[in-house]
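To start, the structure under review is shown below, and the notes come after it.
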Amino acid sequence: MKNVRILELTAATIYLMDISDFEYVNFLHALNSEEKTHVNTIKSEQKKKEYTAIRWMKTNLFGSKPIRYATDGSPTIDETSFISISHTTKYACLGVSKSHKIGIDIEAITSRAVKVQHKYCNENETRLFDTSNDFDMTLLWSLKEAIYKFSDRQQLLFLTDILIQQKTPEIIAHVKFEHSMVTVKLGYELIDNHVLTYTITAPN
0 MKNVRILELT AATIYLMDIS DFEYVNFLHA LNSEEKTHVN TIKSEQKKKE YTAIRWMKTN
60 LFGSKPIRYA TDGSPTIDET SFISISHTTK YACLGVSKSH KIGIDIEAIT SRAVKVQHKY
120 CNENETRLFD TSNDFDMTLL WSLKEAIYKF SDRQQLLFLT DILIQQKTPE IIAHVKFEHS
180 MVTVKLGYEL IDNHVLTYTI TAPN
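Counting from 0, one number per residue, gives the positions in the sequence shown under numbering that gives the first Met the number 0.
Dropping the structure here:
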């Protein structure tokens, strides 16, 4: 796919498209009739770009199959693939895995994550991440967003239910569900002034 950066993981692929100069009207031909109708209901030009870019990448991978959303808001494509979606004003990202659930998130690195850290950064994480550093706090927030999507958007609290236990040599998190605790391995890429995070698999 032209203008799409591809990140190959062990058992998943992430497609990253720069949409800062994306003319969405030039890509509408790739959308199915239902998707074209939906674009016309979106008022925000930025949201139209994000929606169209994701559907254009989806069409190149899966054809005209529509993206559906479960009651919890998580996206699905068909019974053979797991997907995850994220976007900023500059990038649209689509994560795909044939073998396991995946959660991805992309965030612009800003001071906002530092200012609201009390909402998601617990005491143990203050020893792993520099709470005054824009990159560290954006990374921590993004890791938790990726886990939230990986977990099918269940009612998880970022502060107490999604816990980053280890930052190096690999990122390990514990996720508290109502009746269980799950361990998740994650990775990230630094792209321009953005951080892209993704779940890998639960480590052995």
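For every residue, glycine included, the Cβ atom is placed at its ideal position computed from N, Cα and C.
Burial check for residue 189: the Cβ neighbour count within 10 Å stays below 16, so the residue is exposed. In this structure, the beta-carbon distance from residue 138 to residue 197 does not fall below 8 Å. Apart from sequence neighbours up to five positions away, the residues of its chain that approach residue 63 with a beta-carbon distance below 8 Å are 31, ordered along the chain. Counting C-beta atoms within 10 angstroms of its own C-beta, residue 125 has fewer than 16 neighbours from the protein chains shown and is therefore classed as exposed. Judged by DSSP secondary structure, residue 50 falls within the alpha helix (DSSP H) whose first and last residues are 44-61. Ranking 56, 39, 11 and 85 by CA distance to the CA of residue 1 puts 56 first.
Just measuring C-alpha positions, the residue of 94, 40 and 78 sitting nearest residue 11 is 94.
Taking C-beta atoms under 8 Å as the contact rule, residue 120 and residue 103 fail to qualify, at a distance of about 21 Å.
Of all C-beta pairs linking the segment 67-83 to the segment 40-51, fewer than three are shorter than 8 Å, placing the two stretches out of contact.
Under DSSP, residue 85 shares a beta bridge with 92. In this structure, residue 52 keeps its C-beta atom at 8 Å or more from the C-beta atom of residue 193. Short of 6 Å from the beta carbon of residue 34, and not among the five residues preceding or following it, lie these beta carbons of its own chain, in chain order: 54. For residue 135, the secondary structure class from DSSP, reduced to helix, strand or coil, is helix. Put simply, of 123, 58 and 175 the residue whose alpha carbon is nearest the alpha carbon of residue 147 is 175.
Within a 10 Å sphere around the beta-carbon of residue 144 sit 16 or more other beta-carbons, which makes this residue buried. Proximity to residue 77 across 87, 85, 86 and 66 peaks at 66, based on C-alpha coordinates.
For residue 191, the number of other beta carbons within 10 angstroms of its own is below 16, and it is reported as exposed.
At a Cβ-Cβ threshold of 8 Å, residue 158 and residue 114 do not count as neighbours. In this structure, 152 is the residue among 123, 89, 156 and 152 with its C-alpha nearest to the C-alpha of residue 100.
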